[in-house]
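Following: one structure in structure tokens, then a few remarks.
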Amino acid sequence: MFILFYSIPLEFSLAISNITQSESLAQGQTLISPSLKFELGFFSPYDKPKKQYVGIWYKGISPLAVVWVANRENPLAATDTSATLNIARNGNLELLDGKFNSIWSTNAVVPSNSSSLAILLDNGNLVLRDGISGENIWESFKHPGNTFLPGSVLGFNVKTGENLVLTSWKSGSNPSLGNFSYKVSQQAPPQVFILINGSTPYWRSGPWDKSKFVGSPDMDSSYSSDCHLVEDLDMGTTYLHFVDRYNGSAVLKVSISSHGVLTSEVKHSGSNVWETKWKRPENECGVYGVCGPFGVCKISESPICKCLKGFEPKSYDEWSKGNWTGGCVRRTKLLCLQNVTSSSSQGGKTDGFVKMGMTKLPDFYEYLDVKGVDNCLIWCLENCSCLAYAYVNGIGCLVWSTKSPLLDIQEFSYGGQDLFLRLANAELDGQISKNKIIGLATISSSAILFGIVLLVCFCRWRANHNVNKSKETAKHLISWIKSRDNPGNVLQFSTQMHEPQLPFYDFGSILAATNNFSISNKLGEGGFGPVYKGKIPGGREIAVKRLSSSSRQGIEEFKNETILISKLQHRNLVRLVGCCIENEEKLLIYEFMPNKSLDTFIFDARKREQLKWDTRYNIIHCVARGLVYLHRDSFLRIIHRDLKVSNILLDEDMNPKISDFGLARIFHESLDQANTHRIVGTLGYMSPEYAMSGLFSEKSDVFSFGILILEIISGRKNTSFYHEELHRSLVAYAWKLWSEGRAMELVDEAILGDLCNSSEVTRCIHVGLLCVQDHAKDRPTMPDVVLMLSNEAHCPDPNQSVLTVESSPMQQLPSTCSVDEATISYVDGR
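Numbering (the numbering used here) for the sequence shown: -9 to 820.
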């Protein structure tokens, strides 16, 4: 996300060692650090060639990774070839355009007798230095951009008002000031925030405990090794330092993206890939206040939000819709707030505390200068305004008062802190009350040990019980499908179906494999739900597909995919390696495809160049063979019903595999066509007879395959195609070009330069148009398609489709309108 592509005006740049009043930096020149690690010069973003900036990037690393930009708010015109970066008469470093207008300047106070010069240091810091005293007058590290480099600092100085903050770019190719910033808060103890528009929290780290930020358990192994926070009360400074511990064996950086994601990346020597160490927010629960006041988020549960003990949703209606921002309210008012003068009037009952373990402590904490956890507890007990307390090693006593609600709480599967929440006596259920504290404190160590042993034994029994229960549940789901009493339904499963021989994974192992469904492991999201990358013991990488509670697909699709995929074996079909059914969780575990889905390449302006024609032709051919297997060669005749570019996954060698069989259906050998009242699929890929009447057959997949061919060749989406407002679809545009003998004009410009066999391309376009004909009987079968693609069969002329008729109300739509590409699942056919 943070590695950007740029073009430098000249293929070969002339390097200079520094900038002085007698030597400027012009286009075609670069300023290079002494050890050749960093480079400063002119560049243009890949998709904004008309704009030009001066920036710093890693030397010798491709693609270019820009870490700082001087004129981010005031770009030069790309046509301005006379712009220079020089030392002005007042001693400041200044960027001048071709007309000698000042575009950017350091604006520092330079001694009158100084002979200043600009130098790029090996840590990426551009400094303006006094040539006489050798002192730095100005430095880029004091003016951060979107990247935090080793050796730089973020933070503040309360005496001088200095505040060093990372600020995101407007977009991936626009360096101007974006909506997100990363800063150290002026609290005691401090924490760091990602903010929206400088004030609204988007993510926070939790307080600093002298060694790490306690809001993320994984900081022990990764985050804290890179960052260290230093407070100097005498100087009034609090600075977050970024430390490089690789000793030159790798380069390291932390960047905030235009979408507000903070990422730590490392690139090892000899590698061409930036590896992600961690991301913040780490998952959906990391987003600030996602569950609202007095709500707690746990990523391993569904839904992810619940109310704290003793609280209930403020609005049950909003909560049921998945809108948790309204949060929760207390069920039972605290006794100390009911004007009760003595506990005797309540039969000796008092408020107490319930312990919440492994939590991310809420925001708006206050540091209390008391010694020991007991004094922290006593102070909170004696102050009715105290809502909760925690005692953190390295910090001490933190308390939360009624001034602010308990907000941004997260429950982890490991690590975290203990939070003690104040509840009314009626809500305690045997938890800690004032009268019980002394008794609990006197429990013997042997009793505690015995309790721990019992707890471990119970957890192991429960885990084994859940695994067995999951297996039984899975078998029940499968037998339910096989035993459906629906003789009139042609979609019922074959009597040849057997239970899939799939490994069953317990939910805990999936949590461990995916790092608690970390957002950094998230590969994408479809109609079924999110998909996460994971690694199981032995090092095998997997893709975990998790059924979302808000998904329009559900148990029916889960059953369908589990049974179908486990029975299908073909090199061009994605392989299911296991499943997990535990409580409300339903997960499918697939082989991991490192290059993700085809749409991430074919519709990306930067990545599409990696798909040369030979690769695209191989993808078309392999998908066709996979469909032949589904329609004819497998022991079950299967119609996929949702074939599209996002459901074509690519392995490490860019070989395709068809995925997502949640909407697929088994088809009887004796039938050529069936009807359904539940139309499912994706707009733009559904055949006319299926979309309008619910009629489907293998020719429905043929139609989708035809759209797929045209999109692969052109690099354009059928559903968002507006060509000069003359053609309402990609099919219409392809038909016009083919009928006029100009089929090659459809081809993606990214592959035209390397194209050797134009007849192969035009044949594929021809086959694609045959596949998208209006009437199912006119479309070829997939075995015929494979023969035609291989030039082993004659290609008849296609009939013109109604989709190619140019007269349409769609022509009146503005070119900026959007098209819904979501999978639909609940439309009744007529």
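Built from N, CA and C at the ideal position, the CB exists for glycine as well.
Does the stretch 355 to 362 touch the stretch 305 to 317, meaning 3 or more C-beta pairs lie closer than 8 Å? no
Can you check whether the CB of residue 648 is closer than 7 Å to the CB of residue 688? no
For residue 765, count the other beta carbons within 10 Å of its own beta carbon; 16 or more makes it buried, fewer makes it exposed. Which is it? exposed
Pull up the distance between the alpha-carbon of residue 532 and that of residue 500, whole angstroms please. 10 Å
At the level of alpha carbons, what is the spacing between residue 736 and residue 203? 54 Å
Cβ neighbours of residue 259 in the same chain (closer than 6 Å, five flanking residues each side left out): 239
Taking the beta carbon of residue 588 as the centre, do at least 16 other beta carbons fall within 10 Å, making it buried, or is it exposed? buried
From residue 254 to residue 773, what distance separates their C-alpha atoms? 49 Å
Round the Cβ separation of residue 73 and residue 85 to the nearest angstrom and send it over; I've been treating them as touching at under 8 Å. 7 Å
My assumption, with CB atoms under 8 Å, is that residue 44 sits in contact with residue 139. Please give the rounded CB distance. So it is not a contact: roughly 17 Å between Cβ atoms.
Does the beta carbon of residue 606 fall short of 6 Å from some heavy atom of the ligand ATP? Ligands are entirely absent from the displayed structure, and the ligand ATP is therefore not among its contents.
With 16 as the cutoff for other CB atoms within 10 Å, does residue 225 come out buried or exposed? exposed
Just to confirm the assignment, what range does the beta strand (DSSP E) spanning residue 240 have? 240 to 246
Taking one C-beta from the stretch 725 to 735 and one from the stretch 576 to 593 each time, how about it: are there three or more such pairs within less than 8 Å? no
So who's on the other strand from residue 170, going by DSSP bridges? 186
Hey, could you find the ends of the beta strand (DSSP E) residue 531 is sitting in? 531 to 536
In this structure, how does DSSP classify residue 276 when only helix, strand and coil are distinguished? helix
Compare the Cα-Cα distances from residue 294 to each of 283, 307, 83, 275 and report the closest residue. 275
Meets three-Cβ-pair contact criterion under 8 Å: the stretch 260 to 280 and the stretch 508 to 524: yes
Nearest-angstrom Cβ-Cβ length linking residue 154 and residue 144, presumed shorter than 8 Å: 5 Å
Where does residue 460 land, buried or exposed, given buried means 16+ other C-beta within 10 angstroms? For residue 460, the pLDDT reaches just 44, beneath the cut-off of 50, and the residue's location in the model is therefore unreliable, leaving the point undetermined.
With contact counted as at least three CB pairs below 8 Å, one residue from each stretch, are the stretch 302 to 311 and the stretch 361 to 377 in contact? no
Kindly indicate which residue of 326, 650, 78 has the alpha-carbon position closest to the one of residue 563. 650
6 Å Cβ shell around residue 606 - same chain, five flanking residues per side excluded: 702
State the DSSP-derived secondary structure class of residue 756, mapped to helix, strand or coil. helix
Pairwise C-alpha distance: residue 633 and residue 595: 23 Å
Between the C-alpha atoms of residue 289 and residue 507, what's the straight-line distance to the nearest angstrom? 7 Å
Residue 770, DSSP secondary structure in three states: coil
Any idea if residue 46 is buried or exposed, counting beta-carbon neighbours within 10 angstroms, 16 or more meaning buried? buried
Residues sharing a beta bridge with residue 92, DSSP: 86
What does the alpha-carbon distance come out to for the pair residue 749 and residue 724? 16 Å
Looking at C-beta atoms only, is the number of pairs between the stretch 243 to 252 and the stretch 279 to 287 that lie closer than 8 Å three or more? no
Considering only DSSP beta bridges, list what residue 269 is partnered with. 253
Looking at residue 181 and residue 162, is the spacing between their C-beta atoms short of 7 Å? no
Stretch-stretch touch, CB-based, cutoff 8 Å, three pairs: the stretch 93 to 101 with the stretch 3 to 12: no
Tell me, please, whether the stretch 689 to 701 touches the stretch 755 to 762 by the rule of three or more beta-carbon pairs shorter than 8 Å. yes
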